[in-house]
Structure formats: C-alpha cells, structure tokens
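A.B. asks:
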Amino acid sequence: MSTSCNLFYHQDGTSVHEVNQTFLHRNEVLQELKINLQNVQSRMKQQADKGARDETFEVGDMVFLRLHLFRQHSVYRRASQKLAARFHGLYQVTERIGPFK
1 MSTSCNLFYH QDGTSVHEVN QTFLHRNEVL QELKINLQNV QSRMKQQADK
51 GARDETFEVG DMVFLRLHLF RQHSVYRRAS QKLAARFHGL YQVTERIGPF
101 K
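Numbering (the UniProt record's numbering), first residue to last: 1 to 101.
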C-alpha cells in the first residue's frame, strides 16, 4: 500500500458546478500552503546554518567534554546539579570515530 496520496482535484471530476469550484479553490489553497511551507523551511535552515561552525578534531587535540545537565552522574557527582559545570576536561582525542556535528 502506498503512503502517498493524490491531494489535487482534476477539473470536471463531478457534474455539480459548486463542488468543482470548491475543489478548485482547495487546490489553490494547497498550492499556496506548500509554497509558504517551503519558504519558511528554507528560512529556518538559513537561521540554523548561520550559527553553525565547521569544526574538525584530529587525534591528539585537547578538547573539553560537554555533558547534559542532570543526566551524566557517572563522571562528576555534585550536591547541586544545577550548579554543575557544563564543560569537563581537558581530554585528549585518542581516536577519530566520525564527523563532528
């Protein structure tokens, strides 16, 4: 079974004039919504890419380790997790696994 469906109405699909007009108007609204959605998605991508950095780490580089607050208790245990440091280390990169995102 296909997951895609045909959302557009073909003209003269019914003999009732008002139904034809309603479906044709629906097609116009769907087209406008698709265009607006594409525009918004491209703007969101531009905003997200604006702050992106292209970092590469090589074996032997010294880096800080960023841990999620309230999640990583095995590395550092503190009385107040709210006041825990966000970055830990300096740690040396021993192996490159894949690209950094």
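Virtual Cβ for every residue (Gly too), placed ideally from N, Cα, C. For clarity, every value in this text was computed on a predicted model and none was experimentally measured.
(1) Looking at the unbroken alpha helix (DSSP H) that takes in Arg53, where does it start and where does it end?
(2) For Arg66, which residues of its own chain have a beta-carbon under 7 Å away from its beta-carbon, when the five flanking residues on both sides are left out?
(3) Is the distance from the Cβ of Leu90 to the Cβ of Phe57 below 8 Å?
(4) With DSSP as the reference, label Leu83 as helix, strand or coil.
C.D. replies: Considering the structure as presented:
(1) It is not in any alpha helix (DSSP H) - Arg53 carries neither H nor E in the DSSP assignment.
(2) Arg86, Phe87
(3) no
(4) helix
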